[in-house]
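S.K.: Be aware that the sequence shown starts at 1, since it is given in full-length UniProt numbering, and climbs by one per residue.
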Amino acid sequence: MRSEKKPWSPLLCDELIEEILSRLPVKPLIQFKCVCKGWNSLMSDPYFIKLHLSKSAAKDDLEHLQLMKNVCLGSIPEIHMESCDVSSLFHSLQIETFLFNFANMPGYHLVGSCNGLHCGVSEIPEGYHVCFWNKATRVISRESPTLSFSTGIGRRTMFGFGYDPSSDKYKVVAIALTMLSLDVSQKTEMKVYSAGDSSWRNLKGFPVLWTLPKVGGVYLSGTLNWVVIKGKETIHSKIVIISVDLEKETCRSLFLPDDFCFVDTNQF
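(1) Pick helix, strand or coil for M105, following the three-state DSSP scheme.
(2) Please name the residue in Q31, M43 and G160 whose C-alpha comes closest to that of C22.
(3) What whole-angstrom Cβ distance do F159 and W133 have, given they're in contact under 8 Å?
(4) Do L256 and I239 have their CB atoms nearer than 8 Å?
(5) In terms of residue numbering, what span does the beta strand (DSSP E) encompassing W164 cover?
(6) Sort out for me which residues DSSP pairs A174 with in a bridge.
(7) Which of helix, strand or coil does DSSP assign to D245?
(8) Is it buried or exposed for T157, if we count other Cβ within 10 angstroms and need 16 for buried?
(9) For my contact list, G152 and M179 are in at a C-beta cut-off of 8 Å; report their separation, rounded to the angstrom.
(10) On the CB-based measure, 16 or more other CB atoms within 10 Å of its CB, does D197 come out buried or exposed?
(11) For E220 and S199, what's the separation of their Cα atoms in angstroms?
(12) Between the alpha carbons of K248 and V35, how many angstroms are there, rounded?
(13) When you compare the CB positions of N104 and L53, do they come within less than 8 Å of one another, or not?
(14) Just to confirm before moving on: does the CB-CB distance between L203 and K191 stay below 8 Å?
(15) Using only alpha-carbon positions, find the residue among N225, S41 and A136 that is nearest to K27.
(16) Consult DSSP for P25 and reduce its assignment to one of helix, strand or coil.
(17) Pop quiz: D164 and L246 are said to be a contact at Cβ under 8 Å. What is the actual Cβ separation, rounded to whole angstroms?
(18) Only counting the same chain, and skipping five residues up and downstream in sequence, which positions put a Cβ closer than 6 Å to that of Q267?
(19) If you count every other CB in all the chains shown that lies within 10 Å of the CB of G107, and 16 or more means buried, which is it?
(20) Would you tell me roughly how many angstroms separate the C-alpha atoms of L29 and Y128, rounded to the nearest one?
(21) Where R201 and K33 are concerned, what is the direct C-alpha to C-alpha distance, given to the nearest angstrom?
(22) Suppose you measure from the CA of I242 to the CA of Q186; what does that come to, to the nearest Å?
(23) What residue does the alpha helix (DSSP H) around S41 start on, and which one ends it?
(24) With W133 as the anchor, note down where its beta strand (DSSP E) starts and where it stops.
(25) Please look up how many angstroms separate the CB atoms of G112 and F161, rounded, as I've assumed it's under 8 Å.
(26) Would you report the Cα separation of E143 and S194, rounded to the nearest angstrom?
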């Protein structure tokens, strides 16, 4: 339900002002919030936020592109980013990246971005904490409940971040591959967290993995996707896509064509 409208201008009707503002870039919108209380209220309205996002996504004249590169240092990857003009990609073969500083919060690393919202994770002795940051409005969410996995002598953890349009919630998916003992016995676990919830949920039916991917989950149309190697023995392993449906919170394996050639871009 939309909040009750209030008149802002004797010259333009409310609907026309709303339409004009919804077509502006984010940066001037943030500046215009201080014009009057009515504009500030409008730009904080969930309806207007969705309207602005839908208009931005419909544009086919993208001017900027964010490049992201994972650098694995420990169990959580650091994200190096670069925001550049799309046209510059046709004139420069090399683009310098910078380490993304998540909301000036020490210990937090960026694990994904969706619809302008960034997700960061921090490793603590008990496990992990996750929080969300809107860089444009500078609003930071509260930390999530502690995420913990089975104890072991070693663990590799990867995260994915995306949006579930059915529930209008942003969700984080965490995959952990834990080495339980020296005989290389392993346990794979996957957990899901929705922004604002009080706990993490187990996602069952996740296949046994031999290795975890080097990059975070790729968000596409309500799903998070990873390219992984499936199978406990290398000779019988297969490269598959693990796809998580954020609405149903289910997981399935998508097999690649027999003639598919996989290239690890992290080697370049």
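All C-beta atoms in this analysis are idealised placements derived from N, C-alpha and C, irrespective of residue type, glycine included.
Computed from a predicted model, the values in this text were never measured in an experiment.
M.R.: Inspection of the coordinates gives the following:
(1) One-based indexing of the sequence shown puts residue 105 at position 105. Looking at M105 - three-state DSSP - the assignment turns out to be coil, as it is neither helix nor strand.
(2) To locate residue 22, count along the sequence shown from 1; it is residue 22. Per the sequence presented here, residue 22 reads as Ser, with Cys not at that position. Residue M43 is the option with its Cα nearest to S22.
(3) As a position in the sequence shown, residue 159 is number 159, starting the count at 1. As a position in the sequence shown, residue 133 is number 133, starting the count at 1. About 15 Å separates the two Cβ atoms, so there is no contact after all.
(4) Counting from one through the sequence shown, the residue named residue 256 turns up at place 256. Counting from one through the sequence shown, the residue named residue 239 turns up at place 239. Taking 8 Å as the Cβ cut-off, L256 and I239 qualify as a contacting pair.
(5) To locate residue 164, count along the sequence shown from 1; it is residue 164. The sequence given here places Asp at residue 164; Trp does not occur at that position. G154 to D164 is the extent of the beta strand (DSSP E) around D164.
(6) In the sequence shown, counting from the first residue as 1, residue 174 sits at position 174. A174 is bridged to F159 and K191.
(7) For the purposes of this step, residue 245 is taken as the residue at position 245 of the sequence shown. Of the three classes helix, strand and coil, the one that applies to D245 here is strand, per DSSP.
(8) The residue you call residue 157 lines up with position 157 of the sequence shown. Around the beta carbon of T157, 16 or more other beta carbons sit within 10 angstroms, so the residue counts as buried.
(9) Against the sequence shown, residue 152 aligns to sequence position 152. Against the sequence shown, residue 179 aligns to sequence position 179. Contact holds; Cβ gap of about 5 Å.
(10) Here residue 197 refers to the residue found at position 197 of the sequence shown. A residue is called buried when at least 16 other Cβ atoms come within 10 angstroms of its Cβ; D197 does not meet this threshold and is exposed.
(11) Position 220 of the sequence shown, counting from 1, holds the residue named residue 220. Position 199 of the sequence shown, counting from 1, holds the residue named residue 199. The identity of residue 220 in the sequence shown is Leu, whereas the question assumes Glu. Separation of L220 and S199 (C-alpha to C-alpha, rounded to the nearest whole angstrom) is 25 Å.
(12) Here the question's residue 248 lines up with position 248 in the sequence shown. Here the question's residue 35 lines up with position 35 in the sequence shown. Looking at the two C-alpha atoms, the distance is approximately 42 Å.
(13) Translated into positions along the sequence shown, residue 104 becomes position 104. Translated into positions along the sequence shown, residue 53 becomes position 53. For N104 and L53, no; Cβs fall outside 8 Å.
(14) Sequence index remark: in the sequence shown, residue 203 carries index 203 (1-based). Sequence index remark: in the sequence shown, residue 191 carries index 191 (1-based). Yes.
(15) On the sequence shown, position 27 is the one that residue 27 refers to. When each option's Cα is compared against that of K27, the closest is A136.
(16) Locating residue 25 in the sequence shown gives position 25, where the first residue counts as 1. In the three-state reduction of the DSSP assignment, P25 falls in the coil class.
(17) By one-based count along the sequence shown, residue 164 stands at place 164. By one-based count along the sequence shown, residue 246 stands at place 246. Their Cβ separation, rounded to whole angstroms, is 4 Å, which keeps D164 and L246 in contact under 8 Å.
(18) Stepping through the sequence shown from its first residue, residue 267 is reached at position 267. In this prediction, Q267 has a pLDDT of 47, which is less than 50 and means its spatial position is unreliable; nothing more can be read from the coordinates.
(19) In the sequence shown, residue 107 corresponds to position 107, counting from 1. Exposed.
(20) On the sequence shown, residue 29 is found 29 positions in, with the first residue counted as 1. On the sequence shown, residue 128 is found 128 positions in, with the first residue counted as 1. The alpha-carbon atoms of L29 and Y128 are separated by roughly 34 Å.
(21) Residue 201 sits at position 201 when you count from the first residue of the sequence shown. Residue 33 sits at position 33 when you count from the first residue of the sequence shown. Straight across, the Cα-Cα distance linking R201 with K33 is about 38 Å.
(22) Residue mapping note: residue 242 aligns to position 242 of the sequence shown, counting from 1. Residue mapping note: residue 186 aligns to position 186 of the sequence shown, counting from 1. So the two alpha carbons sit approximately 18 Å from each other.
(23) For the purposes of this step, residue 41 is identified with residue 41 of the sequence shown, where counting begins at 1. Where S41 is concerned, the enclosing alpha helix (DSSP H) stretches over K37 to M43.
(24) Locating residue 133 in the sequence shown gives position 133, counting from the first residue. Unbroken beta strand (DSSP E) run through W133: G127 to N134.
(25) By one-based count along the sequence shown, residue 112 stands at place 112. By one-based count along the sequence shown, residue 161 stands at place 161. Confirmed, about 3 Å.
(26) Translated into the one-based positions of the sequence shown, residue 143 becomes position 143. Translated into the one-based positions of the sequence shown, residue 194 becomes position 194. Straight-line Cα distance between these residues: approximately 12 Å.
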